[in-house]
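Following: one structure in structure tokens, then a few remarks.
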Amino acid sequence: MPMVTIQVTREGSSPDRPAVTAEEKAALIQGVSQLLLDVLNKPLDATFVVIEEVPMENWGVGGLPVAEYRRRLAAKSG
1 MPMVTIQVTR EGSSPDRPAV TAEEKAALIQ GVSQLLLDVL NKPLDATFVV
51 IEEVPMENWG VGGLPVAEYR RRLAAKSG
């Protein structure tokens, strides 16, 4: 039984607009499930897909929190 976790940043979202809409979540679940069926022959009813929305303060890049990384990148470019 495969279990796939998709992590999406909450960047650009607000309390009234989720990072991923219900329709987008449904499309992700369907697409990933179909991919596992096509590639690994895993039945749709045995595939679990979890979608997690990650707040911006909970991830980083280049050894820094993403906000600081982007500030430094902008300072170099500007």
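FYI, in UniProt numbering the residues of the sequence shown are 1 to 78.
All C-beta atoms, glycine included, are put in the ideal place defined by N, C-alpha and C.
Remember, it's a predicted structure, so these values are computed and weren't measured experimentally.
Can the beta-carbon of valine 50 be found closer than 7 Å to that of threonine 9?
-> In the sequence shown, residue 50 corresponds to position 50, counting from 1. In the sequence shown, residue 9 corresponds to position 9, counting from 1. Cβ atoms of valine 50 and threonine 9: not closer than 7 Å.
In angstroms, rounded to a whole number, what distance separates the CA positions of phenylalanine 54 and glycine 12?
-> Your numbering for residue 54 matches position 54 in the sequence shown. Your numbering for residue 12 matches position 12 in the sequence shown. The sequence given here has valine at residue 54, not phenylalanine. Whole-angstrom Cα-Cα distance: 12 Å.
Taking buried to mean at least 16 other C-beta atoms within 10 Å of its own C-beta, is serine 33 buried or exposed?
-> Taking the first residue of the sequence shown as 1, we reach residue 33 at position 33. When all chains shown are included, serine 33 counts as buried.
Where does glutamate 11 sit, in a helix, a strand or coil, going by DSSP?
-> If you number the sequence shown from 1, residue 11 lands on position 11. In this structure, glutamate 11 counts as coil in the three-state DSSP scheme.
What residue range is occupied by the uninterrupted beta strand (DSSP E) comprising glutamate 68?
-> Looking up residue 68 in the sequence shown gives position 68. Unbroken run through glutamate 68 is the alpha helix (DSSP H), 66-77; no beta strand (DSSP E).
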